[in-house]
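Note that the UniProt record's numbering numbers the sequence shown so that position 5 is 5, with each residue one more than the last.
These notes concern the structure reproduced below.
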Amino acid sequence: MKLENKVAIVTGVSKGIGLATVKMLLERGCKVAGWGRTSPDLSDDNFHFYKTDVRNIEEVNKAYEATVQDLGENIAILVNNAGLGYEGGIENLDPALWRQMFETNVDGIFYCSRLVIPNMKSNDEGHIINISSIAGNTGIPNMSAYCATKHAVTGLSHSMYKELRNFGIKVTCIYPGSVKTNFFDKIDSVEVNDGMMMPEDIASTIIHCLETQANYHHVDIEVRPLKPKR
Numbered sequence: 001m002k003l004e005n006k007v008a009i010v011t012g013v014s015k016g017i018g019l020a021t022v023k024m025l026l027e028r029g030c031k032v033a034g035w036g037r038t039s040p041d042l043s044d045d046n047f048h049f050y051k052t053d054v055r056n057i058e059e060v061n062k063a064y065e066a067t068v069q070d071l072g073e074n075i076a077i078l079v080n081n082a083g084l085g086y087e088g089g090i091e092n093l094d095p096a097l098w099r100q101m102f103e104t105n106v107d108g109i110f111y112c113s114r115l116v117i118p119n120m121k122s123n124d125e126g127h128i129i130n131i132s133s134i135a136g137n138t139g140i141p142n143m144s145a146y147c148a149t150k151h152a153v154t155g156l157s158h159s160m161y162k163e164l165r166n167f168g169i170k171v172t173c174i175y176p177g178s179v180k181t182n183f184f185d186k187i188d189s190v191e192v193n194d195g196m197m198m199p200e201d202i203a204s205t206i207i208h209c210l211e212t213q214a215n216y217h218h219v220d221i222e223v224r225p226l227k228p229k230r
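Encoded structure:
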């Protein structure tokens, strides 16, 4: 896909992978709608921020309506990046945190994707990128709820790509290992360090997927730091 003048929606844009992705899309001439709970420190004529909690379907619907009004309905790219995780053993995790993770990490992808698909089908072009985690491929002690959400993202992504591929729509699921972001602020067992990947690394992978020719489709991409610090 040629990115110049394409309209993209990116969720979870306040910082980290989302913000890095927005910046790279803007550099390539995209018009970007950023959906998130907090506005990023970013000013660009082609960037439009819409305050949105992807857990709330009404907020998502309103953000979509505003995006279409401002940027048009031909949205070619959706990056489902919004996500969060909490640490806790299966027997003592607060059920409210369980629900929050599923509502954000899984429901949010459904709420956002369902809105952009009809016009992508009409245009025979579109790319939906779901940001999962290596937790979507394996179990991690004391992260069972988070792993469950990311395994759900894997199943959702695979089903989506098989449903949509014949309509010219790509669905790619990316599974990062540790990335140096604020994700780990609430994960006491992990200390953020320079051995982790950077948000720009993941953003560059997203851009690579988007820029491939129409009949070339990345389904799953797992990325990890080469020499992680222990």
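Glycine included, every Cβ here is placed at the ideal spot set by N, Cα and C.
Fair warning: this is a prediction, and the values are worked out from it, not measured in the lab.
- [ ] Grab the span of the beta strand (DSSP E) containing Pro176 for me, first residue to last.
- [x] Position 176 of the sequence shown, counting from 1, holds the residue named residue 176. Run containing Pro176: Ile169 to Pro176, per the beta strand (DSSP E) assignment.
- [ ] Please check if any C-beta of chain C sits within less than 8 Å of the C-beta of Gly88.
- [x] Checking the listed chains, one finds no chain C in this structure; it contains a single protein chain.
Open item on the list: Beta-carbon within less than 6 Å of Met198's beta-carbon, same chain only, minus the 5 sequence neighbours each way: which residues are those?
Closed with: Taking the first residue of the sequence shown as position 1, residue 198 is located at position 198. These residues qualify, in order along the chain: Lys180.
Task: CA-to-CA distance, Asp94 to Ile207, given in whole angstroms - done: As a first step, residue 207 must be located in the sequence shown, where it is residue number 207. As a first step, residue 94 must be located in the sequence shown, where it is residue number 94. Spanning the two alpha carbons is a distance of roughly 37 Å.
Open item on the list: Along the chain, where does the alpha helix (DSSP H) containing Ala145 start, and where does it finish?
Closed with: Taking the sequence shown and counting its residues from 1, one reaches residue 145 at position 145. Ala145 -> alpha helix (DSSP H) spans Ser144 to Leu164.
Open item on the list: Would you call the segment 3-17 in contact with the segment 25-32, where contact means no fewer than 3 C-beta pairs closer than 8 Å?
Closed with: Of all C-beta pairs linking the segment 3-17 to the segment 25-32, three or more are shorter than 8 Å, placing the two stretches in contact.
Task: Neighbourhood of Ser157 by C-beta, 6 Å cutoff - its chain only, sequence neighbours within 5 removed - done: For the purposes of this step, residue 157 is identified with residue 157 of the sequence shown, where counting begins at 1. Cβ neighbours of Ser157 beyond the five flanking positions: Asn130, Val171 and Cys173.
Task: Cβ-Cβ separation, Gly108 to Leu80 (assumed contact under 8 Å), whole Å - done: Here residue 80 refers to the residue found at position 80 when the sequence shown is read from its first residue. Here residue 108 refers to the residue found at position 108 when the sequence shown is read from its first residue. Contrary to the premise, residue 80 reads as Asn rather than Leu in this sequence. Contact holds; Cβ gap of about 7 Å.
Task: Where the beta strand (DSSP E) containing Gly126 begins and where it ends - done: Residue mapping note: residue 126 aligns to position 126 of the sequence shown, counting from 1. Gly126 -> beta strand (DSSP E) spans Gly126 to Ile131.
- [ ] Provide the residue(s) that pair with Met101 in DSSP beta bridges, ordered along the chain.
- [x] Taking the first residue of the sequence shown as 1, we reach residue 101 at position 101. Looking at the DSSP output, Met101 shares a beta bridge with no other residue.
Open item on the list: On the DSSP letters alone, give me the boundaries of the alpha helix (DSSP H) that Asp201 sits inside.
Closed with: Taking the first residue of the sequence shown as position 1, residue 201 is located at position 201. Pro199 to Leu210 is the span of the alpha helix (DSSP H), which, as asked, contains Asp201.
TODO: Report the option in Ile134, Lys51, Arg165 and Lys23 whose CA atom is closest to the CA atom of Thr38.
DONE: For this step, residue 38 is matched to residue 38 along the sequence shown. Cα-wise, what sits closest to Thr38 is Lys51.
- [ ] Starting from the Cα of Ile221, find the closest Cα among Thr154, Asp194, Pro228 and Asn123 and give me that residue.
- [x] Start at 1 with the first residue of the sequence shown, and residue 221 comes out as number 221. Of the residues Thr154, Asp194, Pro228 and Asn123, the one whose Cα lies closest to the Cα of Ile221 is Thr154.
Open item on the list: For Glu59 and Asp45, what's the separation of their Cα atoms in angstroms?
Closed with: Residue 59 sits at position 59 when you count from the first residue of the sequence shown. Residue 45 sits at position 45 when you count from the first residue of the sequence shown. Cα to Cα, the separation comes out at about 24 Å.
- [ ] With a 10 Å radius around its C-beta and 16 neighbouring C-beta atoms as the bar for buried, classify residue 233 as buried or exposed.
- [x] One cannot answer for residue 233 here, as it falls past the ends of the chain, which runs 1 to 230.
TODO: Using only alpha-carbon positions, find the residue among Ala152, Phe47 and Met120 that is nearest to Val106.
DONE: In the sequence shown, residue 106 corresponds to position 106, counting from 1. Of the listed residues, the one whose Cα sits closest to Val106 is Ala152.
TODO: Put Asn56 into one of helix, strand or coil per three-state DSSP.
DONE: The residue labelled residue 56 in the question sits at position 56 within the sequence shown. Here Asn56 sits in coil by DSSP.
TODO: Please name the residue in Gln100, Asn166, Ile202 and Ala203 whose C-alpha comes closest to that of Asn215.
DONE: Within the sequence shown, the letter at position 215 stands for residue 215. Nearest C-alpha to Asn215: Asn166.
Open item on the list: Can you tell me where the alpha helix (DSSP H) holding Val22 begins and where it ends?
Closed with: Stepping through the sequence shown from its first residue, residue 22 is reached at position 22. Boundaries of the alpha helix (DSSP H) around Val22: Gly16 to Glu27.
Open item on the list: Can you tell me where the beta strand (DSSP E) holding Gly36 begins and where it ends?
Closed with: Translated into positions along the sequence shown, residue 36 becomes position 36. Its beta strand (DSSP E) spans residues Lys31 to Gly36.
Task: Rounded C-alpha distance that separates Met120 from His217 - done: To locate residue 120, count along the sequence shown from 1; it is residue 120. To locate residue 217, count along the sequence shown from 1; it is residue 217. Using only the alpha carbons, I get a separation of about 16 Å.
Open item on the list: Rounded to the nearest angstrom, what separates Lys23 and Pro228 at their Cα positions?
Closed with: If you number the sequence shown from 1, residue 23 lands on position 23. If you number the sequence shown from 1, residue 228 lands on position 228. Distance between the alpha carbons of Lys23 and Pro228 is about 26 Å.
Task: Burial state of Ile90, where buried means 16 or more other Cβ atoms lie within 10 Å - done: In the sequence shown, residue 90 corresponds to position 90, counting from 1. Counting the other CB atoms within 10 Å of its CB gives Ile90 a total below 16, which places it among the exposed residues.
Open item on the list: Using 8 Å as the threshold, is the C-beta distance between Asp124 and Gly168 below it?
Closed with: Taking the first residue of the sequence shown as position 1, residue 124 is located at position 124. Taking the first residue of the sequence shown as position 1, residue 168 is located at position 168. Less than 8 Å divides the Cβ of Asp124 from the Cβ of Gly168.
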